Every structure is written in structure tokens, then in C-alpha cells.
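Down below is the structure, laid out as C-alpha cells.
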Amino acid sequence: MSEKTIDFDTNPPVATNEYDNLAQIALPGYEAMHTMALSCLKAHLSEIASLLIVGAGTGKELVKFGQGNLQWQMLGVDPSANMLSIAQEKIQQHNLSQRVQLFQGYTYDLPTTPLYDAATCILVMHFLPDDGSKLALLQSIAQRLKSSAPFILVDLFGEKGTRELEQMVPILKAYWQEMGMKLEQIELSLLTVNTSVYPIAEAKELELLRQAGFGNMIRFYTGLWCGGWVAIKN
Ligand SMILES: C[S@@+](CC[C@H](N)C(=O)[O-])C[C@H]1O[C@@H](n2cnc3c(N)ncnc32)[C@H](O)[C@@H]1O
Numbered sequence: 091m092s093e094k095t096i097d098f099d100t101n102p103p104v105a106t107n108e109y110d111n112l113a114q115i116a117l118p119g120y121e122a123m124h125t126m127a128l129s130c131l132k133a134h135l136s137e138i139a140s141l142l143i144v145g146a147g148t149g150k151e152l153v154k155f156g157q158g159n160l161q162w163q164m165l166g167v168d169p170s171a172n173m174l175s176i177a178q179e180k181i182q183q184h185n186l187s188q189r190v191q192l193f194q195g196y197t198y199d200l201p202t203t204p205l206y207d208a209a210t211c212i213l214v215m216h217f218l219p220d221d222g223s224k225l226a227l228l229q230s231i232a233q234r235l236k237s238s239a240p241f242i243l244v245d246l247f248g249e250k251g252t253r254e255l256e257q258m259v260p261i262l263k264a265y266w267q268e269m270g271m272k273l274e275q276i277e278l279s280l281l282t283v284n285t286s287v288y289p290i291a292e293a294k295e296l297e298l299l300r301q302a303g304f305g306n307m308i309r310f311y312t313g314l315w316c317g318g319w320v321a322i323k324n
């Protein structure tokens, strides 16, 4: 099956031109998380590598991974034209046009050759319901990776209705207040979480990764209810 997901163009959980600001405020350690993801990739890849960036959005990974002495080639995939148009501006501003390409659509639309040396899927999978859509996304990524390729997954995690996630809600509210979010925005964010986000327990994240053909997972990042794992394609 292919994946069902939220549409950032017709029904965005946050206005696309506000995404970059809000992500910094709402996601604990957003900037550091991308630095850690880059470190995980650098630990596995040489200076020349091809990367598949799934859910490239406004281009955060494309710019972050495009800096320094690295000569990585990247394909950013995203169904949202509005998010990708912001990414396109950043690619030009950072002179990355020779090394970064964008594809508006889904990973399963891509050819299965050539295979990539690495992939990332950062802050995407929690928008997909756990009805086979999450597994289909992970499988579509695994099918486009070389054996031994690293894969970075960053996802909101925790099972709705459990004590762990219930206890997290007041902590999140307090964190967002500390970060200067207005009460109205906090309520809106919680509503979005309730209606449009489908987090799963960490054990399920790892199980889905295994089922999709990944192994050797380690968690490299935790920001309250957001986790980051690096996995290796079998
Ligand atoms: C919250 S943004 C994350 C952007 C970026 N990765 C970051 O770290 O800030 C989620 C992005 O995933 C995209 N998206 C949603 N469903 C997707 C899918 N099935 N495959 C690829 N991208 C998807 C959305 O259009 C959106 O641009």
C-alpha cells in the first residue's frame, strides 16, 4: 500500500511561511537535532555520497548537510509545492543548485535505481496513521538504499492514551510557554497533535524499522516527545 498523509498545501498544520520559526520554538532542540543527524551521517559516509531527503519541507536538511567541505549530492522529496518553493529559495541563496535537486511527490514515485548511500526522514512519519502507511513509507525508503546505508528517522513518539504521553502534555505546555508561545498558539498546537499527528511507542518505531529492512538502531536524540534514531539498511 502507499501512504496516507497530511497535505501541507491544502490543510497545513502550520502556515508554510511560519514553519521555520515555529519549528525552532515548538521542537525541543530542533537545531541541535539536525546537527546530530549530520554527525550520524558523517560517521558513516565519505565526502562524496548521494542522499535521499524524504520530507525535505522548507530545506532545513538540504542546507545543513550542504555546508562545509562535503560534496554530497541530495534529492529532496516532498509532496508540498509550497514547502518546496521555500526550499528552492534557500538552495539558491546557499549556492547549492549543483548538488541539490527537488522532487515534488512521494518516495514511492521515485525510480528504484540508482540506489542512495543514505536517507533521512525527519519530522514526517508522525503525520501518517499507523494503518500500514508508516511501514509503507519506511519500505519505500529502504527499497532505494544501498546495503549498509545509514538512515535517520526523527519522529514524535509515545502512544496516545498512555500515562507516558498524558504526562508529557503539561511538560510540553510549560516548555512552549518558556519558549514564548502564546496561549492561543499552544492550544492550537495541542489540537493539531490530537487531530493530525499519530505518534507510536518507541518499541513500535523500532519494530517498523526492522520490518522495513533496517537493523542496528540506536537512538541519537531525544527532545521530550521527539526521538531520533539512526538505523542501517540490511
Ligand atoms: C514538519 S515538516 C518537516 C520538514 C523538515 N524535514 C524539517 O526537519 O523541518 C514535514 C514535511 O513532510 C512532508 N510530507 C508529508 N507527508 C509526506 C510523505 N508521505 N512523504 C514525504 N514527505 C511528506 C510535508 O509536506 C512537510 O513538508
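Quick note, the sequence shown lines up with residues 91 to 324 if you use the numbering used here.
Think of the CB as a built atom: it goes at the ideal place given N, C-alpha and C, for glycine as much as any other residue.
Bear in mind that the values here come from a model prediction, so they are computed numbers and not experimental data.
Taking just the CA atoms, how far does Asn107 sit from Gly303? Within the sequence shown, numbered from 1, the residue matching residue 303 stands at position 213. Within the sequence shown, numbered from 1, the residue matching residue 107 stands at position 17. Computed Cα separation, rounded: 36 Å.
Is it buried or exposed, Thr203, if we count other Cβ atoms within 10 angstroms and call 16 or more buried? Position 113 of the sequence shown, counting from 1, holds the residue named residue 203. Exposed: under 16 other Cβ atoms inside 10 Å.
Let me know the secondary structure DSSP gives Tyr311 once reduced to three states. Indexing the sequence shown from 1 puts residue 311 at position 221. Three-state DSSP puts Tyr311 in a strand.
Classify Ala177 as buried or exposed, calling it buried when 16 or more other Cβ atoms lie within 10 Å of its own Cβ. In the sequence shown, counting from the first residue as 1, residue 177 sits at position 87. Ala177 comes out buried.
Cβ-heavy atom distance between Phe382 and ligand 1 below 8 Å? There is no way to answer for residue 382, as the model of the chain reaches only from 91 to 324.
Taking 8 Å as the cut-off, is the beta-carbon of Glu151 closer than that to any non-hydrogen atom of ligand 1? On the sequence shown, position 61 is the one that residue 151 refers to. Checking every heavy atom of ligand 1 against the Cβ of Glu151, one is found closer than 8 Å.
Euclidean distance between Cα positions of Leu165 and Leu278: Working through the sequence shown from its first residue, we reach residue 165 at position 75. Working through the sequence shown from its first residue, we reach residue 278 at position 188. In a straight line, the C-alpha of Leu165 is about 33 Å away from that of Leu278.
Shorter than 8 Å, the distance from the beta carbon of Val167 to the closest heavy atom of ligand 1, or not? Along the sequence shown, read from residue 1 onward, the residue named residue 167 stands at position 77. Yes, the Cβ of Val167 comes within 8 Å of a heavy atom of ligand 1.
DSSP state of Gly156, grouped into three classes? Your numbering for residue 156 matches position 66 in the sequence shown. Secondary structure of Gly156 (DSSP, three-state): helix.
Please go through the same chain and pick out, in chain order, the residues whose beta-carbon is closer than 8 Å to the beta-carbon of Trp266, but skip the five residues on each side of it. Position 176 of the sequence shown, counting from 1, holds the residue named residue 266. By the criterion of a C-beta distance shorter than 8 Å, Trp266 is surrounded in its chain by Ile115, Ala116, Gln275, Ile276 and Ser279, once the five residues flanking it on both sides are discounted.
Would you call the CB atoms of Phe241 and Val287 closer than 9 Å? Position 151 of the sequence shown, counted from the start, is the residue given in the question as residue 241. Position 197 of the sequence shown, counted from the start, is the residue given in the question as residue 287. The Cβ-Cβ distance between Phe241 and Val287 does not fall below 9 Å.
Around the Cβ of Arg234, are there at least 16 other Cβ atoms within 10 angstroms (buried) or fewer (exposed)? For the purposes of this step, residue 234 is taken as the residue at position 144 of the sequence shown. Classification of Arg234: buried, given that the 10 Å Cβ count is 16 or more.
Hey, how far is the Cα of Gln257 from the Cα of Leu246? Here residue 257 corresponds to residue number 167 of the sequence shown, with the count starting at 1. Here residue 246 corresponds to residue number 156 of the sequence shown, with the count starting at 1. Whole-angstrom Cα-Cα distance: 15 Å.
Within its chain, find whatever has a CB closer than 8 Å to the CB of Ser175; leave out the 5 residues flanking it on each side and keep chain order. One-based indexing of the sequence shown puts residue 175 at position 85. No residues qualify anywhere along the chain.
Where the beta strand (DSSP E) containing Trp319 begins and where it ends: The residue labelled residue 319 in the question sits at position 229 within the sequence shown. Residues Cys316 to Lys323.
Cβ-heavy atom distance, Thr197 to ligand 1, below 8 Å: Here residue 197 is taken as the residue at index 107 of the sequence shown, counted from 1. Relative to ligand 1, the nearest heavy atom lies less than 8 Å away from the CB of Thr197.
C-alpha gap between Ala293 and Asn324, whole angstroms: Residue numbering aside, residue 293 sits at position 203 when the sequence shown is read from its first letter. Residue numbering aside, residue 324 sits at position 234 when the sequence shown is read from its first letter. Counting only the Cα atoms, Asn324 lies some 19 Å from Ala293.
Along the alpha helix (DSSP H) that carries Pro260, what are the first and last residues, could you check? In the sequence shown, the residue the question calls residue 260 occupies position 170. Counting along the chain, the alpha helix (DSSP H) containing Pro260 begins and ends at Arg253 to Glu268.
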